[in-house]
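**Student:** Below you'll find the structure I mean.
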Amino acid sequence: MKNPFKRFTIAVTGDFGAARTHEKMKQWVETNGGTWATKIDSAVTHLICSKEHFTKSVAMVKQARTIKKLKIVSFDWLEDSLMNRSPKREGKYLMKSRIKEAVKAKAKKTTTRKQNIKQGVKAFEKGVKEFRDEMYSDGYHIYRDSTGFSYDITLARADLTSNKNQRFYLKVSPFRPFPTPVFPSFSPHGARAFIVRPRLQRLQLYETHTAPNLYATYVKYSSPGQSATHVLCPTGSTFEMALSNFKAFFKIKTRKAWEQRLASIQVDEEAFSYTPPAAGLPKGNMPTNPDEIYGDTSAGFW
Numbered sequence: 001m002k003n004p005f006k007r008f009t010i011a012v013t014g015d016f017g018a019a020r021t022h023e024k025m026k027q028w029v030e031t032n033g034g035t036w037a038t039k040i041d042s043a044v045t046h047l048i049c050s051k052e053h054f055t056k057s058v059a060m061v062k063q064a065r066t067i068k069k070l071k072i073v074s075f076d077w078l079e080d081s082l083m084n085r086s087p088k089r090e091g092k093y094l095m096k097s098r099i100k101e102a103v104k105a106k107a108k109k110t111t112t113r114k115q116n117i118k119q120g121v122k123a124f125e126k127g128v129k130e131f132r133d134e135m136y137s138d139g140y141h142i143y144r145d146s147t148g149f150s151y152d153i154t155l156a157r158a159d160l161t162s163n164k165n166q167r168f169y170l171k172v173s174p175f176r177p178f179p180t181p182v183f184p185s186f187s188p189h190g191a192r193a194f195i196v197r198p199r200l201q202r203l204q205l206y207e208t209h210t211a212p213n214l215y216a217t218y219v220k221y222s223s224p225g226q227s228a229t230h231v232l233c234p235t236g237s238t239f240e241m242a243l244s245n246f247k248a249f250f251k252i253k254t255r256k257a258w259e260q261r262l263a264s265i266q267v268d269e270e271a272f273s274y275t276p277p278a279a280g281l282p283k284g285n286m287p288t289n290p291d292e293i294y295g296d297t298s299a300g301f302w
């Protein structure tokens with residue numbers, strides 16, 4: 001459309017940055033057939049206004065509010081109208097509507113944050129109780145990395161429908177103070193616990209509440225109506241040892257390195273599958289080197 005602002009008289013208030021000076025906007029308006037105004041009167045049809053000036057209700061905004069047909073809009077209206085070569089409908093550009101939406105979004109964000117904190121506290125308390133009950137030790141919680149990702153994951157067999165008649169075998173001495181470690185090198189005992197084709201495996205890495213932090217890693221197996229817990233790394237372990245065992249177990253079961261967990265890599269059908277967190281949720285630290293993500297996927301399976 002030639003001269004898209006032909007019927008409009010436009011004024012502006014507020015700072016929009018070095019690339020959007022009032023002088024440049026004046027040129028854009030006049031070049032496209034509009035009339036530029038430096039003050040508010042009944043002839044003005046649009047006031048382009050910054051968020052700051054609108055919320056502070058500066059003089060031009062107060063004057064504009066007294067004129068019924070005058071539209072107080074954001075800079076986006078001017079920009080989109082110029083790009084479109086025709087004036088855009090003002091509805092979604094009205095500053096009043098935008099401020100309301102911003103307030104709603106902020107309130108929603110605050111509510112979501114409070115809910116997340118509440119859920120986090122519940123998860124923390126649940127993890128503490130779970131660890132105390134399973135590991136006979138207090139003072140531990142689920143470890144979270146710098147992204148907020150919780151090292152509490154579930155691995156499942158890719159084809160659960162074929163595992164309906166499963167059995168669970170566990171042999172642990174009732175006199176031991178904690179479940180027997182799966183990896184014998186970390187076990188003070190010679191016995192091991194065995195399970196036949198579990199459907200789900202929950203892998204967890206725990207951290208002490210207080211510094212210097214100590215760690216522990218364990219896995220919970222489950223089949224219909226049955227479950228058991230095995231220690232991968234006992235309480236009092238270093239972070240390096242606990243994380244190393246966490247990653248080793250993950251690779252053994254999924255046939256993928258922990259660093260490859262988000263990558264689409266073809267693996268053996270017998271391998272367990274890992275489902276990453278939903279979009280928008282923390283997914284854990286990832287390597288920056290692609291070679292660490294798409295590397296060797298071969299691993300023994302037990």
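Residue numbers for the sequence shown follow the UniProt record's numbering, beginning at 1 and rising by one.
All C-beta atoms in this analysis are idealised placements derived from N, C-alpha and C, irrespective of residue type, glycine included.
1) Take ALA279 as the anchor and find which of VAL267, HIS230, PHE149 and VAL219 has the nearest alpha-carbon.
2) Quick one: which unbroken alpha helix (DSSP H) runs of 4-plus residues sit fully inside the region 33-70? Chain order, please.
3) Per DSSP, which residues does ALA228 bridge with? Please list them.
4) I need the straight-line Cα distance from LYS71 to HIS46, nearest angstrom please.
5) What is the residue span of the alpha helix (DSSP H) that ASP80 lies within?
6) Work out the CA separation of LEU200 and THR229 for me, nearest whole Å.
7) On the criterion of 16 or more Cβ atoms from any shown chain inside 10 Å, does ARG85 qualify as buried, or is it exposed?
8) Which residues in the same chain have their Cβ closer than 7 angstroms to the Cβ of PHE186, if we skip the five residues on either side of it in sequence?
9) With DSSP collapsed to three states, give me the class of GLY91.
10) Since TRP36 and VAL29 should fall inside the 8 angstroms C-beta cutoff, what is the C-beta to C-beta distance between them, to a whole number of angstroms?
11) Which whole-angstrom value describes the C-beta separation of PRO4 and SER81, a residue pair presumed to lie in contact below a C-beta threshold of 8 angstroms?
12) Hey, would you say ILE265 sits closer than 8 angstroms to LEU203, going by beta carbons?
13) Run through the DSSP bridge pairs and tell me what ARG202 is partnered with.
14) Are the beta-carbon atoms belonging to TYR140 and TYR221 less than 8 angstroms from one another?
15) On a CA-only basis, which of HIS209, ILE10 and LYS68 is nearest TYR143? Give me that one, please.
16) Does the separation of the CB atoms of ALA242 and TYR215 fall below 8 angstroms?
17) Rounded to the nearest angstrom, what separates PHE272 and ARG255 at their Cα positions?
**Tutor:** Judging by the given coordinates:
1) As a position in the sequence shown, residue 279 is number 279, starting the count at 1. Selected option, being the one with the closest Cα: PHE149.
2) 51-56 and 59-65
3) Taking the sequence shown and counting its residues from 1, the one referred to as residue 228 is at position 228. The partner list for ALA228 (beta bridge, DSSP) reads TYR221.
4) By one-based count along the sequence shown, residue 71 stands at place 71. By one-based count along the sequence shown, residue 46 stands at place 46. Cα to Cα, the separation comes out at about 5 angstroms.
5) Stepping through the sequence shown from its first residue, residue 80 is reached at position 80. Segment 75-84, the alpha helix (DSSP H) holding ASP80.
6) Counting from 1 along the sequence shown, the entry for residue 229 is found at position 229. Counting from 1 along the sequence shown, the entry for residue 200 is found at position 200. Cα to Cα, THR229 sits roughly 12 angstroms from LEU200.
7) Start at 1 with the first residue of the sequence shown, and residue 85 comes out as number 85. Exposed, because fewer than 16 other Cβ atoms sit within 10 Å of the Cβ of ARG85.
8) Counting from 1 along the sequence shown, the entry for residue 186 is found at position 186. Caution is warranted here: a pLDDT of 36 is assigned to PHE186, below 50, making its placement in the model unreliable, and no coordinate value can be reported.
9) Your numbering for residue 91 matches position 91 in the sequence shown. Helix, per DSSP.
10) Residue numbering aside, residue 36 sits at position 36 when the sequence shown is read from its first letter. Residue numbering aside, residue 29 sits at position 29 when the sequence shown is read from its first letter. With 8 angstroms as the limit, TRP36 and VAL29 qualify as a contact, their Cβ atoms being about 5 angstroms apart.
11) Stepping through the sequence shown from its first residue, residue 4 is reached at position 4. Stepping through the sequence shown from its first residue, residue 81 is reached at position 81. In this structure PRO4 touches SER81 by the C-beta definition: roughly 6 angstroms separates them, less than 8 angstroms.
12) The residue you call residue 265 lines up with position 265 of the sequence shown. The residue you call residue 203 lines up with position 203 of the sequence shown. It is not a contact, given that the beta carbons lie outside the stated cut-off.
13) Position 202 of the sequence shown, counted from the start, is the residue given in the question as residue 202. Answer is THR154 and LYS220, bridged to ARG202.
14) Locating residue 140 in the sequence shown gives position 140, counting from the first residue. Locating residue 221 in the sequence shown gives position 221, counting from the first residue. No, the pair does not count as a contact, with Cβ atoms beyond the cut-off.
15) Position 143 of the sequence shown, counting from 1, holds the residue named residue 143. Per the Cα distances, HIS209.
16) For this step, residue 242 is matched to residue 242 along the sequence shown. For this step, residue 215 is matched to residue 215 along the sequence shown. Against a cut-off of 8 angstroms, the Cβ pair of TYR215 and ALA242 comes out as a contact.
17) Against the sequence shown, residue 272 aligns to sequence position 272. Against the sequence shown, residue 255 aligns to sequence position 255. About 8 angstroms.
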